[in-house]
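Single-structure report; data block below.
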Amino acid sequence: MISYKTKEDKEEEIFALLNPIVRDWFKQKFKTFSPPQKFAITEIHARQNVLVSASTGTGKTLCGFLAILNELIDSSEKGILQDKIYCVYISPLKALNSDIAINLQIPLKEMEELAKKKFGIRVSVRTGDTTQKERQEMLKNPPHILITTPESLSLLLTSPKFKENLKNVDWCIIDEAHSLAENKRGVQLSLALERLQNLSPGMARIGLSATIAPLDEVAQFIVGTNRDCKLVNVPLLKQLDLKVLSPTSNLIEEPFGLMHHKMYELLDSLIQNHKTTLIFTNTRSATERVVHYLKEKFPKKYTENIGAHHGSLSKEHRFDIEKRMREGKMKVIVSSTSLELGIDIGYIDLVVLLGSPKSVARFLQRQGRSGHKLHDTIKGRVIVLDRDDLIECAVMAKNALEHKIDRIHIPKNCLDVLAQEIYGMANQQIWEEKELFALVKSSYCYRDLEKKDFNEVLNYLDGSYTSLEDRHVYAKIWRKDGKIGKKGKLSRVIYMTNIGTIPDETAVIVKIKDRKIGYIEEAFLERLHRGDIFVLGGNVYEFKFARGMVAQVEPSPGRPPTVPAWFSEMLPLSFDLAEDIGKFRGLIEQKFENNRKENEIIDFISEYLYTNKQTSTAIYNYLKEQYDYCKHIPNNKKILIEQFKDERGNKKIIFHTMFGRRVNDCLSRAVAFAVSRLEHKDVEIGINDNGFYISSSKPINALRALEALKSKELRKVLEYTIERTEVFKRRFRHCAIRSLMILKVYKGRHKRVGRQQVSSMILISALKRISNDFSILKEARREVLEDLMDIDHTTEIIKEIETGKIKLKAIFTEIPSPLSFNLVLQGHLDILKIEDKVEFLKRMHNEVLAKINLKK
Amino acid sequence: MEIYKDIEIIDLFLYLKRYNTLVIGDVHIGYEEALNKEGVLIPRFQFKDTLTRLEKAIKNKRFDSIILLGDVKHEFGTISETEWRNTLQFLDILLGYTKNVILIKGNHDKILEPIANKRNLEVKDYVRMGEIILLHGHVIPEKNKDFKDSKIIIIGHEHPAIRKS
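Chains as they are written, first to last, in my numbering: chain W, 201 to 1056; chain V, 160 to 324.
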């Protein structure tokens, strides 16, 4: 059972558990326990499963380790310390692992000094970087605390000698659980933990996580199916001082140059009024731009004391920036995502976000980088530059202040990871199939795994999908009398060199016939469909097809791009936050419908969103303009379908579906499918977080297309629509590699990504001949629809349309309504200069105003 | 489908009417096995597919000769066990349709002779039939008289996939 622990333990009770040496050391060093420690230490001491969710800087790591160090020291004192692994600590970051080891060795040393003797407690790090000599040493003298990564844990479990050392583990700590729960690394870990638990049945699991939701589901992910877990949810202890700022009170009418200027002045004044500022942008290029403009506009203030930190920079450069930050030499650091995780960066008193971070959890994570001491105030400012961003960030700040965290999605029943781990398990020992199935199902990620799918994976692994005479080539395991085991001399080497879930990635070369144009990221290629238009190096191209790692294009000057350049880098808006934005819009629409007075509505906004009068007025003006123009504000219970002619005379239909990009991806494909079936027309699609559009040279009955969608048939329809897409082909490669159907490393050779992709294309068509439901084909479809897109929430929404809970409203407009502006413009952004974009917006805005005045 | 006077396409094969000759290019026997050796577990369909399509296309016809336009098998260096077995089987089937099977050397056929010798077949660089020259196509024998005098060149080697839609 998963239960919340709501009462903290008394300090005396905790101290009573501690060995005097540990107690004295702790009192000298900290005086008192931090909140997570007050809840969790006694539980860990009693070997209970615990999940601790608390923000950074609340003593989480020590919270996990204190009871364990205490046990080790106490045993050492009593002379009963065994030569075994007491605790396995797992974190996703190799870089974090060596920090942890050091942070454990320091207190141990301090306590040894206090006790004036040696305890003989060993702490070792085991990752891919560990040398052969260290490995040998570890095998002979197992560390009492083993620090490792999810992948290395799977490897250790497969090692015939080392696994003996994992037979009597007392605790397993899973750190940074929030960054694992959402992806296939976490899925692999969940199976590895079951394997470990199988060897050490008495082991307690301790999950440490940043703020995350839904907590009870993450707890199940940590402890597995049908096990108890105590939840420790430490509310944010720091005061939150969060504000949404805009450089100007009128985001639509201000000339661009002036707004740009005002924004940097605002940024500068924020920086100058604080000691050290950390700025987050949403893309790496924006990071560079901000550094550049700050230096250019204020050359005397920003010189050596400003720096960029993002994933495309060299390790050396990033380490240098981090070091200078810790030394207090930096005034301002600009980052994209690379500084979100727990790297120690010293004292930060202000965090500024440029643009929306797209989820409340990430918002808090970024803001949490300020005020690193326990009871400091978190001071964060979000600067917004357009009206949609303004509402989005205001609702986000409201949710943050109310601790309403958006729920993450945990991937389930991943058949590729399952194949890899079963292969690992077969290399570990001989298993009864029944026993194996039960073990797999005790992982939360496979709780609902069907026997049929499990068998499919075994049929793949034992080669029975091929003809009998060739089977010896394909069989990775043997199966006999309900048992399975490893097969082949190279078996263990193959597992060791191919383990992992993170796909190899490389840049895709863009070519016109044989002429090289440049490079795009593979994640960007995934978004492209035949006929899509995109910008590269300032020129416009039409995408034709891709083969391996080469994308063939044709020049297509003057056409508006259908996929914006930043698309693959920008994170999608979380579904929960999108819903809340929709809900807010609905509340305001109601007030307009009830003819509430302006003052009253503005006061309501201020109260509801905790915004100041200026911000509330800006939000009011935006939504008022929408309402006056077309009498509808699309919201979570009303989808507005707006049709107009664009500048090229094409019919463009905007679907205002405020559900986030992952849902809109599904919806737009399903609608395009319906249009093609109902009206035999091919359409162009564009999506963003707030909706999507389809456009066509001929008239389309959009309402009918949306109404024609059936929740029951959605999966079938979407599976069909993704079948020939780049995204499916790419994800299939990832799945084929994970399930070891294509070995990226074989006989000492590493296959290039291009070669992997070509092989996987041949594989797709061969497997389809065996069965369209072959486990790996099935998994690739599942990954695209459930993990990358969001078919579950899309299904819910279509159900609500079917039952009438969500209303559909179709309208015609001459010029698009204000809430459409960003979608209409999205394609143009790459070819328009930013100044022109602002001019364009302003012109549309003025035309809307003129129409409204005409009606009056 | 007749693509030129007296030259027909039958499924994946070419038929030279005047000489009652069937031309087969780039069978690449053992391609899947080669992928298997690289660590790609592609199931094997190719050989069976080739035979099925061949039999369906030519039914009970008899030919004066059958020309294999190079790259009968895939592996460059050695001859694998499957290649031995399947290539011989393939040749035997062809010999059921004609007395005269001619092998043209392709770039993948570094070692083809041992298999050819088993059935007393010759391996040639090209075949000239009237105004037609047949060769694999990886090298152009520019100085060769037969080549220079020919009007129609038939090659394999380049195998683009074309779908009729």
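Cβ coordinates follow ideal geometry from the N, Cα and C atoms, glycine included. None of the values given here were measured: they were computed from a predicted structure.
Spatial neighbours of residue i within its chain, please: CB distance less than 8 Å, with the 5 preceding and 5 following residues excluded, ordered by chain position.
| i | result |
| --- | --- |
| residue 606/W | 413, 559, 560, 561, 599, 774, 775, 776 and 777 |
| residue 203/W | 428, 429, 430 and 431 |
| residue 271/V | 231, 232, 262, 264 and 282 |
| residue 530/W | 476, 505, 506, 507, 521 and 524 |
| residue 254/V | 260 and 278 |
| residue 928/W | 922, 980, 981 and 984 |
| residue 791/W | 800, 801 and 804 |
| residue 704/W | 937, 944, 953 and 956 |
| residue 783/W | 835 and 836 |
Between the C-alpha atoms of residue i and residue j, what's the straight-line distance to the nearest angstrom?
| i | j | result |
| --- | --- | --- |
| residue 626/W | residue 334/W | 26 Å |
| residue 923/W | residue 731/W | 17 Å |
| residue 1039/W | residue 457/W | 11 Å |
| residue 205/V | residue 979/W | 25 Å |
| residue 345/W | residue 191/V | 48 Å |
| residue 200/W | residue 866/W | Within the shown structure, residues of chain W are numbered from 201 to 1056, placing residue 200/W beyond reach of any answer. |
| residue 347/W | residue 338/W | 12 Å |
| residue 518/W | residue 460/W | 28 Å |
| residue 880/W | residue 712/W | 31 Å |
| residue 250/W | residue 526/W | 32 Å |
| residue 619/W | residue 631/W | 15 Å |
| residue 324/V | residue 297/W | Confidence is the limiting factor: at residue 324/V the pLDDT is only 42, short of 50, which leaves the residue's position unreliable and the question unanswerable from this model. |
| residue 714/W | residue 260/W | 56 Å |
| residue 491/W | residue 588/W | 25 Å |
| residue 211/W | residue 603/W | 27 Å |
| residue 219/W | residue 195/V | 60 Å |
| residue 392/W | residue 200/V | 25 Å |
| residue 733/W | residue 742/W | 5 Å |
| residue 918/W | residue 729/W | 15 Å |
Given a cut-off of 7 Å, decide if residue j and residue i are closer than it, judged by their beta-carbon atoms.
| i | j | result |
| --- | --- | --- |
| residue 827/W | residue 1052/W | no |
| residue 890/W | residue 858/W | yes |
| residue 209/V | residue 186/V | yes |
| residue 708/W | residue 717/W | no |
| residue 246/V | residue 225/V | no |
| residue 535/W | residue 510/W | yes |
| residue 682/W | residue 633/W | yes |
| residue 851/W | residue 896/W | yes |
| residue 178/V | residue 288/V | yes |
| residue 168/W | residue 255/W | The shown model of chain W, from 201 to 1056, leaves out residue 168/W, and the question about it has no answer. |
| residue 394/W | residue 642/W | yes |
| residue 230/W | residue 223/W | no |
| residue 969/W | residue 726/W | no |
| residue 184/V | residue 315/V | yes |
Quick one: residues in its chain with C-beta nearer than 7 Å to the C-beta of residue i, no 5 flanking neighbours on either side, listed in chain order?
| i | result |
| --- | --- |
| residue 911/W | 995, 998, 999 and 1002 |
| residue 698/W | 940, 943, 944 and 945 |
| residue 644/W | 390, 420, 421, 424 and 425 |
| residue 878/W | 904, 905 and 908 |
| residue 493/W | 464 |
| residue 1021/W | 1041 and 1044 |
| residue 342/W | 283, 284, 285 and 365 |
Within a Cβ cutoff of 6 Å, which residues of the same chain sit near residue i, ignoring the five residues on either side of it in sequence?
| i | result |
| --- | --- |
| residue 378/W | 409, 410 and 412 |
| residue 863/W | 990, 993 and 994 |
| residue 885/W | 868, 872 and 894 |
| residue 291/V | 311 |
| residue 679/W | 662 |
| residue 843/W | 853 and 1012 |
| residue 275/V | 262 and 282 |
Rounded C-beta distance between residue i and residue j? I'm assuming under 8 Å.
| i | j | result |
| --- | --- | --- |
| residue 478/W | residue 554/W | Residue 478/W to residue 554/W, Cβ: 11 Å. No contact. |
Is it true that the segment 373 to 384 of chain W meets the segment 601 to 616 of chain W, where meeting means three or more beta-carbon pairs spaced less than 8 Å apart?
Segment contact: the segment 373 to 384 of chain W against the segment 601 to 616 of chain W, three or more CB-CB distances shorter than 8 Å; contact assigned.
So, does the segment 263 to 271 of chain W touch the segment 244 to 252 of chain W, judging by three or more C-beta pairs under 8 Å?
With the cut-off at 8 Å, the segment 263 to 271 of chain W and the segment 244 to 252 of chain W touch.
Inspect the CB distances between the segment 366 to 373 of chain W and the segment 314 to 321 of chain W and report whether three or more fall short of 8 Å.
The segment 366 to 373 of chain W vs the segment 314 to 321 of chain W: no contact.
State whether the segment 227 to 238 of chain W contacts the segment 272 to 280 of chain W, with contact taken as three or more CB pairs (one from each stretch) at a distance under 8 Å.
Because the criterion of three Cβ pairs below 8 Å is not met, the segment 227 to 238 of chain W and the segment 272 to 280 of chain W do not touch.
Touching by the beta-carbon criterion (3+ pairs, under 8 Å), the segment 836 to 848 of chain W and the segment 1004 to 1015 of chain W
By the Cβ test, the segment 836 to 848 of chain W is in contact with the segment 1004 to 1015 of chain W, since at least three Cβ pairs between them sit closer than 8 Å.
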